[in-house]
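The structure appears below as structure tokens.
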Amino acid sequence: MADPRFYSVAGPFTLETLAEMSGARIGGEVDPGTTFTDVASLDVAGPTDIAFLDNRRYADDFAKSAAGACLVHPDLAAKAPSSMALLLTKEPYHAYARVARSFYPMAQMAASVGPSAVVGETAVLGVGCRIEPGAVVGEHTEVGRGCHIGANAVLGDGVVLGDDCKIGANVSLTYCIVGRGVVIHAGVRVGQDGFGFALGPQGHVKVPQLGRVIIEDDVEIGANTTIDRGTGPDTIIGAGSKIDNLVQIAHNVQLGRGCVIVSQVGISGSTKVDDYVMMGGQAGLTGHLSIGAGARIGAQSGVMRDVEAGATVIGSPAAPATEHWRQVATLANLSRKGKKKGS
Amino acid sequence: MADPRFYSVAGPFTLETLAEMSGARIGGEVDPGTTFTDVASLDVAGPTDIAFLDNRRYADDFAKSAAGACLVHPDLAAKAPSSMALLLTKEPYHAYARVARSFYPMAQMAASVGPSAVVGETAVLGVGCRIEPGAVVGEHTEVGRGCHIGANAVLGDGVVLGDDCKIGANVSLTYCIVGRGVVIHAGVRVGQDGFGFALGPQGHVKVPQLGRVIIEDDVEIGANTTIDRGTGPDTIIGAGSKIDNLVQIAHNVQLGRGCVIVSQVGISGSTKVDDYVMMGGQAGLTGHLSIGAGARIGAQSGVMRDVEAGATVIGSPAAPATEHWRQVATLANLSRKGKKKGS
Amino acid sequence: MADPRFYSVAGPFTLETLAEMSGARIGGEVDPGTTFTDVASLDVAGPTDIAFLDNRRYADDFAKSAAGACLVHPDLAAKAPSSMALLLTKEPYHAYARVARSFYPMAQMAASVGPSAVVGETAVLGVGCRIEPGAVVGEHTEVGRGCHIGANAVLGDGVVLGDDCKIGANVSLTYCIVGRGVVIHAGVRVGQDGFGFALGPQGHVKVPQLGRVIIEDDVEIGANTTIDRGTGPDTIIGAGSKIDNLVQIAHNVQLGRGCVIVSQVGISGSTKVDDYVMMGGQAGLTGHLSIGAGARIGAQSGVMRDVEAGATVIGSPAAPATEHWRQVATLANLSRKGKKKGS
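Residue numbers (the numbering used here), protein chains in the order written: chain D, 941 to 1283; chain Y, 941 to 1283; chain V, 941 to 1283.
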């Protein structure tokens, strides 16, 4: 189904192989040797496609689907059409991710340094790197094995990339040490001066920014996001954290492991975010805060105080979620009463 | 008036020609053969300039203006200075756009492939394309006639551009099919992976993103805006839609025709926006919503529910505009009363 | 302490020299000939480091610090450990900025035009310019003395840069006149068309944008920020203003001198901002406003009306700060009462 201009599909795979790949077990009585040729969503899948059901909301689509096979939670399996092969798993979306990655593996590209690319004389490139046209790799820069550097990307002097990193087109990386398996999308800016000025009526004096950005393994950073380097301490993005597009991360921010930061969030200087924190789109955090592990920060929140581990806050200024929604309801009620009186 | 470092003015044009260009009709008794040499705003225009009055707020400027000619609604014509030639039209700003485009036509640039540009062997370039220095055009990429590809822009493998597109400097386009007459400003990112992860405490697993971005005819996209490709379905930007700078459009979003999206808006995944919707700056929309045709979404709104066709909503969470402003007034009143009691 | 991969430290400097550099006077009885080798923060500084205390919050760190010397306000000097050399000043952070710039001066780079860079035949480069690989300098473009143009940056035709400007990687500058000592970070977009359309149900007609962007001396602009050119009048960024990352500045905006604009702010068209205005992160301003000198606009504010000189506003819609916080407290109180009644 995926456009062959852009994607090549692998397979086909037997139901048995799909069960192995996904960690699901075969339900029902379909022949384990039946082959499937592609992934597809429930509403468009045909008899040789494998789909998934992760959200109860789509249970009706599931019941009517023509998909040949489906990854599904055992509790929902009873609604399946009779002809559908089932792959039962408690985590259908994770299982789908594994199956989809088997049908559409990352393209293996030949190692090369493209035309117009400029690699510094003292730079070190690992085995199997592909440097696209126009990319610039600075002096004393170290690029790990199997990295892919996009066209017109710029790696500044001294930057270090671990193995298997994927750097998008037109990215700029400076003053940073990057781990393994990191994905940085097009237009990301890492390592520029933070917003450090000694402010004053005679003019604002620039304060040298002497730290770095440390990006740990398996981080992914969305397009046109900006991450400033530390002032002396480092800015740190913890392992496995996923950052969306157009996010701003200021100097000395520390993100823990596995954080999820949705688009257009802004985190001010020196705020420390513990592991597995989630932030909704356009949320803003002031500086020097501590955000506890597993906290959830709602979209468009304005966070001005520390947040405890596990708490959910929302609103601007941010409040515990139940409090915020009660405030929203209170104001709506008062406003409605005022209207009646007035009319 | 425009700086000749950057702009070349055409003309002069007679009043008669200007009337034809603009679709306005000549009012008053000025000689239709009178020539005009430039456009200018009412406050600085001189006797050989043509200005326009679109907003009643500027009616005083109009009455005092030294402009030789002015595009104006017939209802406001009576306030004109006696020496001013009038071009009467119900849409003075549209008429001005046409006149200004005649005085300052898009520069015609010679077809060429600049130094350091890299064009894939299997790429197809239409007649009259200009590829600026350092631009990279991938394999199997198709560029229509008369396109202008800015310096250091990157068109990924397989990308398709229709005729007469204008791609700014340092743009990255991947996994997309682009219509005719599309303008994409500097630093735009189209087609990168959407934010697709199967989240979990053992780490977040990347889900392959298998769709494209479809950009229809006459779309304009502002600087540093990001548009992610679909997960399997496509992300779609409808014909004639205008998107400002630093906007985020997530995977599977569908924008209808003629939408106007102001700067720093964020639209979350799978939200469907019907034709001619307008969104003010910094508005945010959660995922999987339906926004009806002609709806208006206020600046900084946080939209969490479907919006009906023609409705105007504002606030975070967004509410119908009258309700929102009543809430704002209610809170201001209560707060003021509380202050009096307390004092 | 700074990573030698990225930074080279100058010095050492005697206490006497540090006093001269910083404008501070020596307190206590340490030998003025004692030498110091680096700057460091109070918590990690050792006996050969110089630190600073600017914020009373860190007074305890100061009392326990092992720093050999410290820049400090005379009022706080009494808390110093007995072995610490003191440099007394009423502006410790400014003084630190000067000291840190002496230890870490801007790297002097040899003038050069890098490989794959493309400089227009009619461009004029001042003495001592360094043009990094892949940068593109247009026709009739003028670059002052001692400028540094980052890799893959693009300076459009006719652009003018004053002396000693520092342009980051992957920047695009068009239709602009830039003063001396301006710092533009990676991915900034200056001079593209503003969002100018004559809107209508038959389609939105593009209106030619005929102005420029004027950037005065000593401005600094953060990564991936976008500044549109004027419609006819110019967009102006006043001398010494500091703009953070991902900020949007629309056509015809005028910023005065010394303004401080934090990340992700959006300023709509034709708004005039007087000198030394400060805007917190993610604030938004509608168009055609006047913001008085020295005004302070809180983070995430939505400013829809003019703001008087010296005023502080916050909230969306923005209100005077005391009024806003009283409203926040009023709503929290009412909501709490409602809860008690309900329970």
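Just so it is clear, CB atoms sit at the ideal spot from N, CA and C, and this is done for glycine as well.
In this text the structure is predicted, and so the values were computed from the model without any measurement.
- prompt: Along the chain, where does the beta strand (DSSP E) that runs through residue 977(D) open and close?
  reply: Note, residue 977(D): premise wrong, no beta strand (DSSP E); not H, not E.
Residue 1149(D) (DSSP reduced to helix, strand or coil): coil
- prompt: How many Å lie between residue 1208(D) and residue 1132(D) at the Cα?
  reply: 15 Å
field: the region 1056-1076 of chain D in contact with the region 1037-1047 of chain D per 3-pair CB rule at 8 Å
entry: no
message: With a threshold of 8 Å, are at least 3 pairs of Cβ atoms found where one atom belongs to the region 1180-1200 of chain V and the other to the region 1214-1221 of chain V?
response: yes
- prompt: By the 10 Å Cβ neighbour count, where 16 or more other Cβ atoms means buried, how is residue 1279(V) classified, buried or exposed?
  reply: exposed
Helix, strand or coil at residue 993(D) [DSSP, three-state]: coil
- request: List the residues that DSSP assigns as beta-bridge partners of residue 1160(Y).
  value: 1123(Y), 1182(Y)
task: Please name the residue in 995(D), 1257(D), 1174(D) whose C-alpha comes closest to that of residue 946(V).
output: 1174(D)
- request: Report the three-state DSSP secondary structure of residue 1242(D) (helix, strand or coil).
  value: strand
- prompt: So is residue 989(V) buried or exposed if we call it buried at 16+ other beta carbons inside 10 Å?
  reply: buried
query: Residues in its own chain within less than 6 Å of residue 1033(V) by CB, not counting five upstream and five downstream?
result: 994
query: With a cut-off of 8 Å, do at least 3 Cβ pairs link the region 1088-1095 of chain V to the region 1066-1073 of chain V?
result: yes
field: Below-8 Å beta-carbon distance, residue 1139(Y) vs any chain A residue
entry: Absent from the structure: chain A. Protein chains present are D, Y and V.
field: Within chain D, partners of residue 1122(Y) - CB distance below 8 Å
entry: Under the 8 Å cutoff, chain D gives no residues; its nearest Cβ is about 18 Å from residue 1122(Y).
- request: Please compile the residues from chain D whose C-beta is within a distance smaller than 9 Å of the C-beta of residue 1104(Y).
  value: Per Cβ cutoff of 9 Å: no residues; residue 1104(Y) is ~22 Å from chain D at best.
- prompt: Exposed or buried, which one is residue 973(D) when buried takes at least 16 other CB atoms within 10 Å?
  reply: exposed
message: Please identify, using Cβ separations under 8 Å, the residues of the region 1253-1266 of chain V that lie next to chain D, in order along the chain.
response: 1256
field: Inter-residue spacing [alpha-carbon to alpha-carbon] between residue 966(D) and residue 1025(D)
entry: 8 Å
field: Buried or exposed by the 16-neighbour rule on C-beta atoms within 10 Å, applied to residue 1031(Y)
entry: buried
field: Distance CB(residue 1268(V))-CB(residue 1253(V)) smaller than 8 Å
entry: no
message: Do residue 1138(V) and residue 1147(V) count as a contact pair if the criterion is CB distance below 8 Å?
response: yes
task: Using DSSP bridges, identify the partner residues of residue 1024(V).
output: None, per the DSSP bridge assignment.
query: Does the beta carbon of residue 1203(V) come closer than 8 Å to any beta carbon on chain D?
result: yes
query: Using DSSP with H/G/I as helix, E/B as strand and the rest coil, what is residue 1210(V)?
result: coil
task: Spell out a yes or no on whether the region 1098-1112 of chain V and the region 1144-1160 of chain D are touching, meaning 3 or more CB-CB pairs, one atom from each, closer than 8 Å.
output: no
Proximal residues, the region 1196-1226 of chain V versus chain Y, C-beta separation under 8 Å: 1204, 1206, 1208, 1222, 1224, 1226
- request: Count the other CB atoms, across all protein chains shown, that sit within 10 Å of the CB of residue 1050(Y); report buried if there are 16 or more and exposed otherwise.
  value: exposed
- prompt: Start and end of the alpha helix (DSSP H) containing residue 955(V)?
  reply: 955-962
query: According to DSSP, is residue 1101(D) helix, strand or coil?
result: strand
- prompt: So, residue 964(Y) versus residue 1029(Y), is the Cβ gap smaller than 8 Å?
  reply: yes
query: Which residue's Cα is closest to the Cα of residue 1126(Y): 1017(Y), 1075(Y), 982(Y)?
result: 1075(Y)
- request: Identify, in the order they occur along the chain, each residue of the same chain with its Cβ nearer than 6 Å to the Cβ of residue 992(V), setting aside the five sequence neighbours on each side.
  value: 1011, 1032, 1036
- request: Specify the secondary structure class of residue 1298(V) as computed by DSSP and reduced to three states.
  value: Nothing about residue 1298(V) can be read from this structure; chain V reaches only from 941 to 1283.
- request: Work out the CA separation of residue 1223(Y) and residue 1238(Y) for me, nearest whole Å.
  value: 7 Å
task: Note down the Cα distance separating residue 1106(V) from residue 1159(V), rounded to an integer number of angstroms.
output: 11 Å
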